[in-house]
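First the structure, in the form of structure tokens, and then the observations on it.
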């Protein structure tokens with residue numbers, strides 16, 4: 015029995031009006047892999063990440079998560095758009111962590127985490143709270159359960175955001191520059207949590223500028239520029255011995 | 144090259160507190176004097192006037208028909224605001240919908256009800272019976288199963304409620320829409336990435352945050368509504384204003400009657416302002432690190448501070 019890749023992209027194109035952001039992305043993310051996407055800003059890596067849970071619609075190509083098309087259904091050789099309800103259902107299995115955290119400011123850390131389990135999965139409140147406390151414990155913030163996001167530091171907010179995504183027990187986690195908005199001394203705590211997730215075998219796609227993290231934790235790395243995949247391979251190889259001129263130029267600036 | 148042996152400044156102790164002469168504000172004192180004279184003149188007028196008899200004002204203030212009118216005014220305000228808020232949220236959501244039919248209908252509604260005077264709308268609902276004599280349930284252009292006459296179904300009070308409520312809905316729609324648009328898009332994205340549906344994310348994530356922007360103008364609207372209900376006296380509904388007018392016409396105590404009902408309006412708007420303050424405070428959760436003080440907490444803090452200063456002196 016062959017194992018299905020978690021994400022498969024075939025010639026994925028995405029444009030905003032006349033501007034083409036993704037110009038045919040081909041890649042494959044295996045189950046349990048930590049997959050790093052790096053590249054200069056505007057290279058389309060965040061856009062690609064957002065296509066995976068259908069926050070953005072792709073214009074051409076095919077994108078599969080766990081063997082199923084994202085946002086569409088193929089019937090009789092034609093693509094049918096999925097109704098919003100079904101799209102929402104599929105998003106439950108894909109956790110996402112944002113650069114700007116996007117915690118719900120009117121809810122406490124605990125309520126942020128229990129929101130989706132109680133509303134989407136209809137989990138009983140007590141059970142959701144118990145699970146949320148376990149998750150807060152896991153990200154080292156059990157004592158902050160009753161705090162509102164504005165009472166937490168950036169690093170703490172991002173760890174709550176990770177716990178919030180994990181509460182839906184996703185099979186895939188998307189990280190969109192999770193440490194870019196953080197003060198340097200707070201980055202480590204967030205990366206530690208992500209490292210722990212990777213050790214537990216979570217499939218993760220990480221858009222990042224943290225080359226140290228990519229080298230140490232990543233299983234695969236793709237360098238993107240101007241909407242195309244320039245180079246891919248094992249992080250250690252790509253980062254230490256880049257084959258392409260553009261990769262070299264980028265790495266010389268960030269390393 | 145010489146290295147300074149001791150770079151730390153010599154210890155000279157803490158410098159003495161600055162005790163400067165405060166800037167004088169002679170303009171303020173002139174203003175206070177002018178205002179004091181004007182206030183004294185006003186008080187003199189209020190107390191000594193033959194027209195304004197305070198005992199009569201007091202009697203009218205608690206007169207039976209005035210109290211009954213007050214009840215109707217309050218009921219109209221509450222019903223009008225309830226229809227306005229529910230309708231406004233509905234219209235705002237429709238307006239922001241991707242469905243062109245829904246957003247078009249909402250735009251049309253707002254265009255009509257915001258574009259015509261409230262008094263005209265009030266007359267419209269009052270006289271609509273002439274255009275639509277009966278209202279029935281049945282198949283459009285086909286047989287009717289049950290029917291009622293418009294005037295038996297839509298009485299004076301219902302006509303007034305509809306006019307006030309639907310007009311308010313058009314204004315509330317724009318307030319709610321502005322509130323929804325003020326919430327960061329990342330909130331909707333985070334909610335949908337967790338699997339929440341559009342409705343869930345609107346109701347549980349976006350609207351509660353939009354409330355901070357929606358509440359202050361809604362408080363204004365509620366206060367306007369209370370005063371706008373006085374327009375219903377034009378269709379002969381016995382509200383607070385009409386009750387005052389009737390007494391004025393009957394007894395010729397015009398000024399005392401006007402003062403009495405004005406006092407009622409002032410009292411009610413004051414109570415509403417306090418209510419608004421507490422609702423705003425509730426929705427400020429999470430937005431401020433520390434909740435703003437309640438008026439009572441403010442008073443207590445000031446009194447305590449005064450006590451401390453007094454004790455030190």
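Chains as they are written, first to last, in the numbering used here: chain A, 15 to 269; chain B, 144 to 456. The beta-carbon is built from N, C-alpha and C at its ideal position, and this holds for glycine as well.
Problem set entry | Closer than 9 Å at the beta carbon, the chain A residues around residue 332(B) | Here residue 332(B) refers to the residue found at position 189 when the second chain is read from its first residue. Within chain A, the residues near residue 332(B) are 64, 69, 110, 112, 116.
Exercise. Who are the Cβ neighbours of residue 18(A) in its own chain at under 8 Å, not counting the five residues just before and after it?
Worked result: Here residue 18(A) refers to the residue found at position 4 of the first chain. Once the five neighbours on either side are set aside, the close Cβ partners of residue 18(A) are 45, 80, 81.
For this session: Pull up the distance between the alpha-carbon of residue 232(B) and that of residue 316(B), whole angstroms please.
Result: Residue numbering aside, residue 232(B) sits at position 89 when the second chain is read from its first letter. Residue numbering aside, residue 316(B) sits at position 173 when the second chain is read from its first letter. Straight-line Cα distance between these residues: approximately 6 Å.
Exercise. Quick one, are the C-beta atoms of residue 52(A) and residue 237(A) less than 8 Å apart?
Worked result: For the purposes of this step, residue 52(A) is identified with residue 38 of the first chain, where counting begins at 1. For the purposes of this step, residue 237(A) is identified with residue 223 of the first chain, where counting begins at 1. Contact annotation: residue 52(A) and residue 237(A) have beta-carbon atoms nearer than 8 Å.
For this session: Check whether the region 108–115 of chain A touches the region 163–176 of chain A, counting contact only when three or more Cβ pairs, one atom from each stretch, lie closer than 8 Å.
Result: Because the criterion of three Cβ pairs below 8 Å is met, the region 108–115 of chain A and the region 163–176 of chain A touch.
Problem set entry | Rounded straight-line distance, which links the Cα of residue 182(B) to that of residue 157(A) | Within the first chain, residue 157(A) is the residue found at index 143, counting from 1. Within the second chain, residue 182(B) is the residue found at index 39, counting from 1. Rounded to the nearest angstrom, the two C-alpha atoms are 58 Å apart.
Problem set entry | For residue 248(A), the three-state DSSP class (helix, strand or coil) | Position 234 of the first chain, counting from 1, holds the residue named residue 248(A). The answer is coil: DSSP assigns residue 248(A) none of H, G, I, E or B.
Exercise. Which residues does DSSP pair with residue 327(B) in a beta bridge?
Worked result: Position 184 of the second chain holds residue 327(B). None; residue 327(B) has no bridge partner.
For this session: For residue 55(A), count neighbouring C-beta atoms within 10 Å of its own C-beta (all shown protein chains included) and say buried if the count is 16 or more, exposed if not.
Result: Position 41 of the first chain, counting from 1, holds the residue named residue 55(A). Exposed: under 16 other Cβ atoms inside 10 Å.
For this session: Please check if any C-beta of chain A sits within less than 8 Å of the C-beta of residue 337(B).
Result: Working through the second chain from its first residue, we reach residue 337(B) at position 194. Any Cβ of chain A closer than 8 Å to the Cβ of residue 337(B) would place that residue at the interface, and such an atom is present.
Exercise. What does residue 130(A) touch in chain B if you count any residue whose Cβ is under 7 Å from its own?
Worked result: Within the first chain, residue 130(A) is the residue found at index 116, counting from 1. What residue 130(A) touches in chain B: 337, 338, 339.
Exercise. Chain A partners of residue 348(B), CB-CB under 7 Å?
Worked result: Mapped onto the second chain, residue 348(B) falls at position 205. Counting only Cβ-Cβ distances below 7 Å, residue 348(B) has contacts in chain A at 118, in chain order.
Exercise. Counting Cβ pairs closer than 8 Å, one from the region 339–348 of chain B and one from the region 285–298 of chain B, do we hit at least three?
Worked result: With the cut-off at 8 Å, the region 339–348 of chain B and the region 285–298 of chain B do not touch.
For this session: Kindly list the residues whose CB is nearer than 7 Å to the CB of residue 29(A), restricted to its own chain and excluding five residues on each side of it in sequence; keep chain order.
Result: Translated into positions along the first chain, residue 29(A) becomes position 15. Residues of the same chain with a CB within less than 7 Å of the CB of residue 29(A), apart from the 5 flanking positions on each side, are 35, 73 in chain order.
For this session: Give the DSSP bridge partners of residue 5(A), in chain order.
Result: It is not possible to answer for residue 5(A), since the shown part of chain A is limited to 15 through 269.
Exercise. How is residue 230(A) classed by DSSP in three states: helix, strand or coil?
Worked result: Looking up residue 230(A) in the first chain gives position 216. Residue 230(A) falls in the helix class under three-state DSSP.
Exercise. Can you tell me the Cα-Cα spacing of residue 303(B) and residue 212(B), whole angstroms?
Worked result: Here residue 303(B) refers to the residue found at position 160 of the second chain. Here residue 212(B) refers to the residue found at position 69 of the second chain. CA-CA distance, residue 303(B) to residue 212(B), rounds to 14 Å.
Exercise. Is the CB-CB distance between residue 111(A) and residue 203(A) below 8 Å?
Worked result: Locating residue 111(A) in the first chain gives position 97, counting from the first residue. Locating residue 203(A) in the first chain gives position 189, counting from the first residue. In this structure, residue 203(A) does not lie closer than 8 Å to residue 111(A) by Cβ.
For this session: Give the residues of chain A in contact with residue 329(B), contact being defined as C-beta atoms less than 8 Å apart.
Result: Indexing the second chain from 1 puts residue 329(B) at position 186. Going along chain A in sequence order, the residues near residue 329(B) (Cβ under 8 Å) are 112, 114, 116.
Exercise. Going along the region 96–109 of chain A in order, which residues come within less than 9 Å of chain B, judged by CB to CB distance?
Worked result: If you check each beta-carbon in the region 96–109 of chain A against every beta-carbon of chain B, the ones closer than 9 Å belong to 98, 99, 101, 102, 103, 104, 105, 106, 107, 108, 109.
Problem set entry | Span of the beta strand (DSSP E), counted from its first residue to its last, around residue 74(A) | For this step, residue 74(A) is matched to residue 60 along the first chain. Note, residue 74(A): beta strand (DSSP E), 74–79.
For this session: Could you work out which residues of chain B lie near residue 133(A), taking near to mean beta carbons separated by less than 7 Å?
Result: The residue labelled residue 133(A) in the question sits at position 119 within the first chain. By Cβ distance, chain B contributes 339, 343, 347.
For this session: Tell me whether residue 20(A) sits in a helix, a strand or coil according to DSSP, three-state version.
Result: Indexing the first chain from 1 puts residue 20(A) at position 6. Looking at residue 20(A) - three-state DSSP - the assignment turns out to be coil, as it is neither helix nor strand.
Problem set entry | Proximal residues of chain B, C-beta to C-beta of residue 182(A) below 9 Å | Taking the first chain and counting its residues from 1, one reaches residue 182(A) at position 168. Result: 337, 338.
Problem set entry | residue 58(A) versus 89(A), 257(A), 20(A), 239(A), residue with shortest Cα-Cα distance | The residue labelled residue 58(A) in the question sits at position 44 within the first chain. If we check each option's Cα against that of residue 58(A), 239(A) comes out closest.
Exercise. In terms of residues, what are the limits of the beta strand (DSSP E) holding residue 89(A)?
Worked result: Position 75 of the first chain holds residue 89(A). Counting along the chain, the unbroken beta strand (DSSP E) around residue 89(A) starts and ends at 86–89.
Problem set entry | Close-in-space but distant-in-sequence residues of the same chain around residue 76(A) (CB under 7 Å, 5 per side omitted) | The residue labelled residue 76(A) in the question sits at position 62 within the first chain. Excluding sequence positions up to five before and after residue 76(A), its CB lies within less than 7 Å of the CB of 24, 83, all in the same chain and listed in chain order.
Exercise. Using the beta-carbon count (16 or more within 10 Å), is residue 252(B) buried or exposed?
Worked result: Against the second chain, residue 252(B) aligns to sequence position 109. Around the C-beta of residue 252(B), 16 or more other C-beta atoms lie within 10 Å, and the residue is accordingly described as buried.
Exercise. How many angstroms separate the CA atom of residue 248(A) from the CA atom of residue 422(B)?
Worked result: Numbered from its first residue, the first chain carries residue 248(A) at position 234. Numbered from its first residue, the second chain carries residue 422(B) at position 279. For residue 248(A) and residue 422(B), the distance between alpha carbons rounds to 56 Å.
Exercise. Can you list, in chain order, the residues of its chain whose CB lies under 8 Å from that of residue 452(B), leaving out five sequence neighbours each side?
Worked result: The sequence position of residue 452(B) within the second chain is 309, counting from 1. Because the pLDDT at residue 452(B) is just 48, under 50, the model does not fix this residue reliably, and the point stays unresolved.
Exercise. Residue 428(B) versus chain A: which residues are under 8 Å apart at the beta carbon?
Worked result: As a first step, residue 428(B) must be located in the second chain, where it is residue number 285. The contacting residues are 120, 162.
Problem set entry | residue 327(B) versus residue 410(B): straight-line alpha-carbon distance, rounded | Translated into positions along the second chain, residue 327(B) becomes position 184. Translated into positions along the second chain, residue 410(B) becomes position 267. Residue 327(B) and residue 410(B) have their C-alpha atoms some 38 Å from each other.
Exercise. Given a threshold of 16 other Cβ atoms within 10 Å of its Cβ, counted over all protein chains shown, does residue 264(A) qualify as buried or as exposed?
Worked result: Here residue 264(A) is taken as the residue at index 250 of the first chain, counted from 1. By the 10 Å Cβ count, residue 264(A) comes out buried.
For this session: Rounded to whole angstroms, what's the CA-CA distance from residue 232(A) to residue 217(A)? Just pull it up for me.
Result: Here residue 232(A) refers to the residue found at position 218 when the first chain is read from its first residue. Here residue 217(A) refers to the residue found at position 203 when the first chain is read from its first residue. Taking the straight line joining both Cα atoms gives about 11 Å.
Exercise. My guess is that residue 349(B) and residue 361(B) are in contact by the Cβ rule of under 8 Å, so how many angstroms apart are they, rounded?
Worked result: One-based indexing of the second chain puts residue 349(B) at position 206. One-based indexing of the second chain puts residue 361(B) at position 218. About 17 Å separates the two Cβ atoms, so there is no contact after all.
Exercise. According to the neighbour-count rule (16 or more other Cβ atoms, all chains shown, within 10 Å of its Cβ), is residue 275(B) buried or exposed?
Worked result: Taking the first residue of the second chain as 1, we reach residue 275(B) at position 132. By the 10 Å Cβ count, residue 275(B) comes out exposed.
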